[in-house]
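Structure record follows, encoded as structure tokens.
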Amino acid sequence: MIFYGSKATEIGKESLFDKCSNCGTSNSLEMVVFQKYAHVYWIPFFPIGKTGATQCSNCKQVLQKKEFSENLKASYNNLKSGSKTPVWTFSGIALIALLITWGSVVGKQNDKKYAEFIENPMRGDIYEVRLANKHYTLFKVDKVVGDTVFLFMNEYETNKSRGLSELKRKGQKSFIQEHVPMLKADLKSRLDKGEIIRVERD
766 MIFYGSKATE IGKESLFDKC SNCGTSNSLE MVVFQKYAHV YWIPFFPIGK TGATQCSNCK
826 QVLQKKEFSE NLKASYNNLK SGSKTPVWTF SGIALIALLI TWGSVVGKQN DKKYAEFIEN
886 PMRGDIYEVR LANKHYTLFK VDKVVGDTVF LFMNEYETNK SRGLSELKRK GQKSFIQEHV
946 PMLKADLKSR LDKGEIIRVE RD
């Protein structure tokens, strides 16, 4: 279940000289401006507008913005214009941007690491491979002779990339014990095309 909704926080307050429309007391009104914001799991995501209210200190009558007189509306607009939206109400957007940036940096680091592994393959390297039929399987490096890499192909496929973990748990017995030669250049091409999605080295 996703918990989401909206809340409000006070961002401005002012005492007014206007008379209370209920009890007629002068200098008894206090106006407050609130910043409304959307939240998900109680994390503020983005502001969604401002609102306001007044309360009489004498009779305790509360008026919402929609109930303001023309004088109160003018006071509200002045107070609102001087009340800044808190930066923290953008926390969710900032968090998402940070995660995207972090994911991009990690992705580039992994791409560089995988390219190095492909250029210098070692016995035991595991390649996670996306096939033409949109299924996934594993290749395992057995040996390297010059520019040729001899691979064992896994006899199983999975229709989801997360299913590769299950193939790995099957161990060596799940690989067909017949070499398939492939040039390093071909492996690099597969990596560049996104057909090799991950290289694992112990």
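The sequence shown begins at 766 in the working numbering and counts up by one. Every residue gets a Cβ at the ideal spot worked out from N, C-alpha and C, and that includes glycine.
Proximity below 8 Å, CB of residue i to CB of residue j
| i | j | result |
| --- | --- | --- |
| GLU795 | SER822 | yes |
| TYR769 | HIS804 | yes |
| LYS849 | ILE776 | yes |
| PHE799 | THR774 | yes |
| VAL945 | PHE882 | no |
| ASP783 | LEU844 | no |
| TYR802 | LYS772 | yes |
| THR902 | GLU922 | yes |
| ALA880 | LEU956 | yes |
Buried or exposed (CB count within 10 angstroms, at least 16 for buried), residue i
| i | result |
| --- | --- |
| LYS832 | First, the amino acid is wrong: residue 832 is Glu here, not Lys. That one is exposed. |
| VAL894 | buried |
| CYS785 | buried |
| ASN919 | buried |
| LYS905 | buried |
| THR790 | exposed |
| VAL797 | buried |
| GLY817 | buried |
| PHE917 | buried |
| LEU864 | exposed |
Reduced DSSP category for residue i - H, G, I as helix; E, B as strand; rest coil
| i | result |
| --- | --- |
| GLU884 | helix |
| ALA773 | strand |
| LYS873 | helix |
| LYS899 | coil |
| PHE972 | Absent from the structure is residue 972, since the part of the chain shown begins at 766 and ends at 967. |
Quiz item: Which whole runs of the beta strand (DSSP E) in the region 779–853 are 3 residues long or more, in chain order?
Solution: Fully enclosed beta strand (DSSP E) runs of 3 or longer: 794–805, 808–821 and 827–829.
Quiz prompt | alpha helix (DSSP H) segments (min. 4 residues) lying fully within the region 909–966 | solution = Counting only runs of 4 or more, we get 929–934 and 949–957.
Quiz item: Is the region 946–963 close to the region 913–927, with three or more CB pairs under 8 Å?
Solution: Contact between the region 946–963 and the region 913–927 is present, because at least three Cβ pairs lie under 8 Å.
Practice problem: Report yes or no: do three or more beta-carbon pairs, one from the region 864–875 and one from the region 934–948, lie closer than 8 Å? | Solution: Taking a cut-off of 8 Å for Cβ pairs, the region 864–875 and the region 934–948 do not touch, as fewer than three such pairs fall below it.
Quiz item: Between the region 892–906 and the region 920–935, do at least 3 Cβ pairs fall closer than 8 Å?
Solution: Pairwise C-beta distances place the region 892–906 in contact with the region 920–935, as three or more of them are shorter than 8 Å.
Exercise. Count the CB pairs spanning the region 848–863 and the region 812–820 that are closer than 8 Å, and state whether there are at least three.
Key: Taking a cut-off of 8 Å for Cβ pairs, the region 848–863 and the region 812–820 touch, as three or more such pairs fall below it.
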